[in-house]
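By full-length UniProt numbering, the letter at position 375 of the sequence shown is numbered 375, and the numbering carries on one by one without gaps. No residue lacks a Cβ here, since even glycine has one placed at the ideal position from N, Cα and C. All values derive from a computational prediction rather than experimental measurement.
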Amino acid sequence: MGSNTSPGQADPLESENESSLTSRFLPNKRDGGKDNESVIPEKEEPDLNEPVLAVPLPKSRYALTKRSSSSEYPRRSASTSAKKNVIPITRSYSTTFFSKTNDQPTVTGNQDKPISRLRASKLQIQNFWNYICFELLANDTVPANPIKEKHVENFLATPYAIEKTFLFGWFVSVDSFLYIFTLFPIRVLISFFTLSRCIFQGLFSTFFHRNSSPNRSLPRSRKIDLLKLLLIFSTSILIRKIDVSRLYHIIRAQASIRFYVLYNVLEIADRLCCALGQDVLDCLFSNHILSFNFWNPAGWMTFFYYFAISLAYMVLHTLVLLYQIITLNVTVNSYSNAVLALLMSNQLVEIKGAVFKKFEKENLFQLTCSDVVERFQITIMVIIIFLRNLAELYTTSSLDQPLLTFKRLKTLLAPFFWVIGSELFVDWLKHAFIIKFNYIKPSIYSRFTDVLCHDYVASGAQLTQTVTGCSQQVARRMGLPVLPLVCVFIRTSMQTWSMFRSTHSMKQEIAKSIGTIFPTKDNYVYYLPNKEANTYNAGKEASWETLLLSVVRGKSGIAFLFFMAIMLKLLLGKAILAITQSRYESMQQREEKINSWERERKANNFFRGHIEIDKKTKDFLNNSKDDLPVPKSPLLTLERYAMHSKRIW
Numbered sequence: 001m002g003s004n005t006s007p008g009q010a011d012p013l014e015s016e017n018e019s020s021l022t023s024r025f026l027p028n029k030r031d032g033g034k035d036n037e038s039v040i041p042e043k044e045e046p047d048l049n050e051p052v053l054a055v056p057l058p059k060s061r062y063a064l065t066k067r068s069s070s071s072e073y074p075r076r077s078a079s080t081s082a083k084k085n086v087i088p089i090t091r092s093y094s095t096t097f098f099s100k101t102n103d104q105p106t107v108t109g110n111q112d113k114p115i116s117r118l119r120a121s122k123l124q125i126q127n128f129w130n131y132i133c134f135e136l137l138a139n140d141t142v143p144a145n146p147i148k149e150k151h152v153e154n155f156l157a158t159p160y161a162i163e164k165t166f167l168f169g170w171f172v173s174v175d176s177f178l179y180i181f182t183l184f185p186i187r188v189l190i191s192f193f194t195l196s197r198c199i200f201q202g203l204f205s206t207f208f209h210r211n212s213s214p215n216r217s218l219p220r221s222r223k224i225d226l227l228k229l230l231l232i233f234s235t236s237i238l239i240r241k242i243d244v245s246r247l248y249h250i251i252r253a254q255a256s257i258r259f260y261v262l263y264n265v266l267e268i269a270d271r272l273c274c275a276l277g278q279d280v281l282d283c284l285f286s287n288h289i290l291s292f293n294f295w296n297p298a299g300w301m302t303f304f305y306y307f308a309i310s311l312a313y314m315v316l317h318t319l320v321l322l323y324q325i326i327t328l329n330v331t332v333n334s335y336s337n338a339v340l341a342l343l344m345s346n347q348l349v350e351i352k353g354a355v356f357k358k359f360e361k362e363n364l365f366q367l368t369c370s371d372v373v374e375r376f377q378i379t380i381m382v383i384i385i386f387l388r389n390l391a392e393l394y395t396t397s398s399l400d401q402p403l404l405t406f407k408r409l410k411t412l413l414a415p416f417f418w419v420i421g422s423e424l425f426v427d428w429l430k431h432a433f434i435i436k437f438n439y440i441k442p443s444i445y446s447r448f449t450d451v452l453c454h455d456y457v458a459s460g461a462q463l464t465q466t467v468t469g470c471s472q473q474v475a476r477r478m479g480l481p482v483l484p485l486v487c488v489f490i491r492t493s494m495q496t497w498s499m500f501r502s503t504h505s506m507k508q509e510i511a512k513s514i515g516t517i518f519p520t521k522d523n524y525v526y527y528l529p530n531k532e533a534n535t536y537n538a539g540k541e542a543s544w545e546t547l548l549l550s551v552v553r554g555k556s557g558i559a560f561l562f563f564m565a566i567m568l569k570l571l572l573g574k575a576i577l578a579i580t581q582s583r584y585e586s587m588q589q590r591e592e593k594i595n596s597w598e599r600e601r602k603a604n605n606f607f608r609g610h611i612e613i614d615k616k617t618k619d620f621l622n623n624s625k626d627d628l629p630v631p632k633s634p635l636l637t638l639e640r641y642a643m644h645s646k647r648i649w
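Structure, rendered in structure tokens:
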């Protein structure tokens, strides 16, 4: 197509589209409507007998828009615009040839149009049989892509990588949980002794007007130990009157949909309580709350204010955990598999909510800590439910049969394997796809373990500054609610133990009374509620039941169990400390390996997404002309459902 511009005047279309998509495919025109000469000499024109693939380039809608719009170029006359609209735009397109002998494309002008049309006609499908042959014989070879191979390797290596981090975090959580039952009582005794000494020194200096010690204040760590004991004791007393059996039957009578909603509400409430409770307890245990003058009323008012808030949080979070345990117990004991499948499907929803999002390393670390805490909480809940179901089974079992058989163990443990197995599968699948979509190596979980090890080693190196154990610092970073878990474990364990003792005593009394009425050698007749007569031999009672009750019933047995728990805690803590110290020494070497992958990812400019988009396509799509103006929304005008960041919360 021609142009009416003068030779000294540059065509505005050429200046504007010099680097655009249209300028690469449309040949430049000069005055008089004459086409340019071909950029390839005639001696380099490809042979017609040579097999050549002719690919006609598609029309550009940007070129049509630019050339048909006369309003954008007022310098052009109406006749010129009309002439351009009459002449087909396809006459100005060139054809690109790809020859077998020359890898460079050969571009011809309008003088090669008959040749290009002849070659293009060879690719036209004449009939249906040619189409079938074209589909069957088409080359469908996928070029080798090392990035995709690396994706598959990382995807398969993710479960092993996350399990190492999860296992370390789980053992740290166990160590933190055992700390409350083993070393914490000893610390409380030391705190009471220190408090008594401070009181005695204060009274002595008051009555005798002597300064017996330059520092008579109680250390902050001892105050925190006493406050923890007071919180645990007060929470256990307040939730003691709750009838767990009644709550169990109330939840069991609900419909499946209400049961599903209740489970989700409790899960959300648990996370909200974890987020709020850690801040509340940190405020209560802070230095400016605990360090005040004994005769200062304002200091006491502030202390009681934060203590009341902390106690309310402890009671609320303990109730949420107790309801979660009862709900899971109803699920396990349900005769219908629909309820169990419903709750297992709820875990699969985590994949949809977490996988298709952009994750930075900080977000992935938070998600990993959340999964570790969730797995430990499920472990504690499963232990509590198993002990309670065991006590219920002992209550309804006959006297001449052992309590635990293979069939009963299978009935008791099968639902727990389903729950824990589904949790493991969801975690593996979720983290594997997050690793794949965000171009992260599974070795990042080794760095997460190093962060937890650093906390453990750093808290152990500063024994004079830390106020809790080493594992408590790591549990605090992970967001583990240790104190509410301890309260709910004490509440349920005390009830389970009382049920077991009362049932055992009742069975012994019934067996002795019936044996006096029906004396038959060593056997006693015990009538079950279903009127079936069974023979009970007092000498054949399960030995482990009698041994357990005889050991735990006495003071020596309780002392022995306490000593065994302390030894388990010390051995576990020593093993964790050895692992953390060894990893802390080699932390810098693993850091260098991870940084090398980061440099490679930034150099290749990998696009973070699950759709393959290269840099050229990404730049073409990210055109500012397609964006609407986004007003800057200050905080006073920000709306709830306005996209201010990467996600609407």
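If you compare the alpha carbons of Phe433, Tyr160, Leu136 with that of His151, the shortest gap goes to Phe433. Taking 8 Å as the cut-off, the beta carbon of Phe489 is found no closer than this to the beta carbon of Ile558. Note on Ile180: 16 or more other CB atoms within 10 angstroms of its CB, so buried under the neighbour-count rule. With a cut-off of 8 Å on Cβ pairs, the segment 229 to 244 is in contact with the segment 483 to 503, counting three or more such pairs. Within 10 angstroms of the beta-carbon of Arg258 lie fewer than 16 other beta-carbons, which makes it exposed.
Sequence-distant Cβ neighbours of Leu290 in its own chain, meaning closer than 7 Å and more than five residues away, are Arg220, Lys223. In the three-state reduction of the DSSP assignment, Ile242 falls in the coil class, being assigned neither a helical nor a strand state.
Residue environment: Lys569 is assigned as buried (16 or more neighbouring CB atoms within 10 Å of its CB, all protein chains considered). Shown here, Phe192 sits in a helix according to DSSP, grouped into three states. Note that the segment 492 to 501 touches the segment 372 to 387; at least 3 beta-carbon pairs, one per stretch, sit closer than 8 Å.
Counting only unbroken stretches of 4 or more residues, the alpha helix (DSSP H) elements lying wholly within the segment 136 to 200 are 146 to 181, in sequence order.
Within the segment 341 to 413, the complete alpha helix (DSSP H) segments at least 4 residues long are 361 to 396, listed from N- to C-terminus. Nearest to Val419 by C-alpha distance, out of Asn329, Phe285, Asn145, is Asn329.
Minimum Cα-Cα distance from Glu423 among the listed residues Pro185, Arg187, Ala341 corresponds to Ala341. Membership of Lys555 in the alpha helix (DSSP H) is indicated by the continuous run 555 to 585. Closest by C-alpha distance to Ala253, out of Leu577, Asn154, Thr331, is Thr331. For Asn333, the enclosing alpha helix (DSSP H) has its first and last residue at 297 to 333. From the listed residues Phe562, Thr411, Leu321, the smallest Cα separation to Asn264 is found for Leu321. Going by DSSP, Ser256 is part of the alpha helix (DSSP H) stretching over 256 to 284.
For Val172, the closest of Ala391, Cys369, Phe562, Phe285 by C-alpha to C-alpha distance is Cys369.
Going by DSSP, Gln473 is part of the alpha helix (DSSP H) stretching over 470 to 478. At a Cβ-Cβ threshold of 8 Å, Ile444 and Leu364 count as neighbours.
In this structure Cys273 does not touch Tyr306 by the C-beta definition: roughly 17 Å separates them, more than the 8 Å allowed. Inter-residue distance for Ile199 and Ile268 is about 45 Å (C-alpha atoms, whole angstroms).
In the three-state reduction of the DSSP assignment, Ile440 falls in the coil class. Per DSSP, the continuous alpha helix (DSSP H) segment holding Leu290 begins and ends at 287 to 290.
Within the same chain, Tyr306, Ile309, Ser310, Tyr313 come within 8 Å of Val280 by CB-CB distance, once the 5 residues on both sides are set aside. Pairing Thr327 with Ile251 gives a Cβ-Cβ distance under 8 Å.
The straight-line gap separating the alpha-carbon atoms of Gln473 and Ser286 is approximately 15 Å. Leu226 sits in a helix when the DSSP states are folded into three classes. For Pro219, the three-state secondary structure derived from DSSP is coil.
Three or more beta-carbon pairs separated by less than 8 Å are not found between the segment 176 to 196 and the segment 136 to 154, which leaves the two stretches without contact.
Asn130 sits in a helix when the DSSP states are folded into three classes. With a contact defined as Cβ atoms closer than 8 Å, Phe134 and Asp371 miss out at about 51 Å. Within a 10 Å sphere around the beta-carbon of Ile237 sit fewer than 16 other beta-carbons, which makes this residue exposed.
For a cut-off of 8 Å, the C-beta gap from Thr318 to Ile378 is around 17 Å, too long to register as a contact.
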